[in-house]
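Protein chains in written order, with this note's numbering: chain Y, 361 to 802; chain D, 5 to 362. Here a beta-carbon is modelled for each residue, glycine too, at the ideal position from N, C-alpha and C. Shown next, in structure tokens, is the structure this report addresses.
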């Protein structure tokens, strides 16, 4: 009898959970709801744990400080395992709950964000792709709901070229572009080709097939080419393999520059000594030196609400990136509140407006205690990127040392590429672009 | 008692040869179709369409394709995802490059393109069998994905290699709501399942089964091996190709070659193993099991954890979900090695006798 009753309870709870997911949940009046399609297991689980750890910690931090002008933040996580189909399922599951007062959605996956771009437009939910995703969405006239905030692969590649140029000219030099043979790795190619025509350096492209745990052939070729620099667009296991193979082949790591997905502690620590001197770009700095990160540690972790199960990740590049992503999301909501009413929950259209009219100045960053954590961001209808700046950092064997101030890529060269792509996309899809100039006048 | 054909007389060859010779089956399938075409669109929400029903139907179609090849013709293949990729990219290219191309025609052409590629990679089957053939089809899996990544022409020179498909519109009607897309997928899948059911009952299907059971004997009784095996590859790839086109156009909306990885091929293979090798129904049951069970566990586990006051975070839930899923696959395979379709068959036999045991 007891057994039967227990079964009944479990069965009914399952049914409740199932139907609860399908039906729109009642939303408390002043609450902003974040759907978080995160990944904490699977092949990239380690990266996701740090990023989403930082993200959730900041949301908790804001709540502990009283919310966004009194509006509390709420959220649900859904595990995607970095898998597109699972990501779409998570999105569909949580979207009815997010409908009333959504926070920006962060998938931290180029594939999932590609799959969501059309859906968020139909559902009127803002999608953020910070440093990944559909880069041509910089052109907000075609992509009103998608925001590749802070910077894109193309602008980053351009900034790296600028960094190298300032280091001692590029005329006649040879640069190898070693890339993960996927959407992610291929995206900067057009930008690099344009840069090579402009700055007259030779560009040699060498793809590495996923996952990239064997790169003997590629580095053999690099040895023959004798390049001045290697720019690497690597991901996951490919990064440490490249660094180790470079050491084996005698290529100086001081001449290797990675993208920001190739520049976290997870990439260099497994490579051990070989990684010393390796450089990478980044749009946020690491460490607990930033007051905000230190304050999160004090407030959230001492308050027993910390999200990281492995506290050692606190202050790593990816953790701080998660915090930066959350900072930008919350600031967008704040911007929306400033226009549409303080202390109220914002709907999708309002949050979208906030993201499109974000103005995160150094003064504001200082007030948040985030000076130097991320660059200034100012978005508009025709510029959903808002910054395009990165810093260069170098691994000294135990930590990342920041080498430069913010470097901006060549916007005049790169942004027309996005606009051309977006125009083609609009034509293929039959989208009529918004008129940004007319909207600005209003 | 409920499931007894007593009193149902067949007075013509047509009656004897129909797909469902027993009246109860006919009523059951009619009710199922009415439910799928009429009731479901009226009651289901967007989440059910977008996240559950549409992917379920598409994967059932892909599993059906593989079942024709592996279950009926006995040729083990690990290339299903690659043939889906061919279908998705072919449909995309037909749509983008040919002005005014009807969507349905581009789906069909995508199926034929996949069939052509399937025949090409089916050629080794004339010489090698079993596991060795599986390894040869593995080549298709890697080659096709490499090819789609390597040649920008195939993705219409998209800088990232990801294709974003145009919207689906037939005769001026836009399939932009989840309901309409579901009905489109359901119609295509129903028609193709009907065609498959008829194919496996015909000369073609019998030839496939003869080759599967013993190819030398089949050759001796006059079945042309080359023709039969390649036909199986062509038909199977056609099904996978259409499934791939639907996957891109009606489900995700944008696909990249990496999405059609070996993992997906394995997933489709597991669908037919769990569902039932050599069974049309099994393809559907297997797709439902492999696709829906993880979602079900994902939704129900946190609720159960909360009920029992267990301190689970989302990572732990995912790990437990994988363990439970694996355990359930093993359980079903131990209890019924011939798959879920066989369980249904046993149930039917039991029902026939019930309530009298003999």
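The beta-carbon separation of residue 298(D) and residue 329(D), rounded to 6 Å, stays under the 8 Å limit for a contact. By alpha-carbon distance to residue 612(Y), the top candidate from 620(Y), 638(Y) and 627(Y) is 638(Y). Annotation for residue 621(Y): 595 place their beta carbon closer than 6 Å to its own, counting only its chain and skipping 5 residues before and after.
Along the region 529–549 of chain Y, going in chain order, the ones with a CB nearer than 8 Å to a CB of chain D are 541, 542, 543, 544, 546, 547 and 549. Taking C-beta atoms as the reference points, residue 488(Y) and residue 689(Y) count as a pair closer than 8 Å. Residue 644(Y) and residue 680(Y) do touch by the CB rule: their CB atoms are close to 5 Å apart, below 8 Å.
Residue-level contact by beta carbon holds for residue 478(Y) and chain D, with a gap shorter than 8 Å. The beta carbon of residue 673(Y) lies closer than 7 Å to those of 409, 410, 413 and 679 in the same chain, with the five residues before and after it left out. Residue 167(D) counts as buried, since at least 16 other C-beta atoms from the protein chains shown sit within 10 angstroms of its C-beta. Residue contact with chain D for residue 775(Y): absent (no Cβ-Cβ distance below 8 Å to any residue of chain D). A direct Cα-Cα distance of roughly 45 Å separates residue 590(Y) from residue 58(D).
The beta-carbon of residue 474(Y) is placed less than 8 Å from the nearest beta-carbon of chain D.
A distance of 8 Å or more separates the beta carbons of residue 511(Y) and residue 492(Y).
About 5 Å separates the Cβ atoms of residue 561(Y) and residue 533(Y), confirming a contact at the 8 Å cut-off. About 14 Å separates the CB atoms of residue 472(Y) and residue 485(Y); that is not less than 8 Å, and the two are not in contact. CA-CA distance, residue 458(Y) to residue 647(Y), rounds to 33 Å. Against chain Y, the CB of residue 260(D) has a partner CB under 8 Å away; the residue lies at that interface.
Setting aside the 5 residues that flank it on each side, residue 519(Y) is surrounded in the same chain by 750, 767 and 769, each with a C-beta closer than 6 Å to its C-beta; the list follows chain order. One thing to note: residue 640(Y) has its Cβ within 8 Å of the Cβ of residue 619(Y). Taking C-alpha positions only, residue 350(D) is separated from residue 320(D) by approximately 37 Å. Nearest CB-CB separation between residue 401(Y) and chain D: below the 8 Å threshold. Contact of residue 240(D) with chain Y is not assigned, every C-beta pair being separated by 8 Å or more. Below 8 Å, too few C-beta pairs join the region 428–435 of chain Y and the region 28–45 of chain D to call them touching: fewer than three. According to DSSP, residue 562(Y) shares a beta bridge with 534(Y). For residue 394(Y), the enclosing beta strand (DSSP E) starts and ends at 391–398.
Sequence-distant partners of residue 242(D) (beyond 5 residues in either direction) whose C-beta falls short of 8 Å from its own C-beta, in its chain, are 69, 115, 116, 118, 119 and 122.
In chain order, 444, 445, 448 and 475 make up the part of chain Y whose C-beta sits under 8 Å from the C-beta of residue 256(D). Per DSSP, residue 772(Y) is one residue of the alpha helix (DSSP H) stretching across 771–789.
Using a Cβ-Cβ cut-off of 7 Å, residue 781(Y) is close to 163 of chain D, given in chain order. Think of a sphere of 7 Å around the beta carbon of residue 59(D): the chain Y residues whose beta carbon falls inside it are 445, in chain order.
Taking a cut-off of 8 Å for Cβ pairs, the region 266–283 of chain D and the region 332–347 of chain D touch, as three or more such pairs fall below it.
Shortest Cα-Cα distance from residue 614(Y) to any of 773(Y), 757(Y) and 765(Y) involves 757(Y). Cα atoms of residue 287(D) and residue 214(D): separation of roughly 21 Å, rounded to the nearest angstrom. Positions of the alpha helix (DSSP H) runs, each at least 4 residues long and wholly inside the region 17–103 of chain D, are given as 17–21, 27–38, 44–47, 58–70 and 84–101 in order along the chain. Contacts between residue 315(D) and chain Y, judged by CB atoms closer than 7 Å, are missing: the closest CB pair is about 11 Å apart.
Distance check between residue 726(Y) and each of 396(Y), 651(Y) and 694(Y) places 651(Y) closest, using alpha-carbon atoms only.
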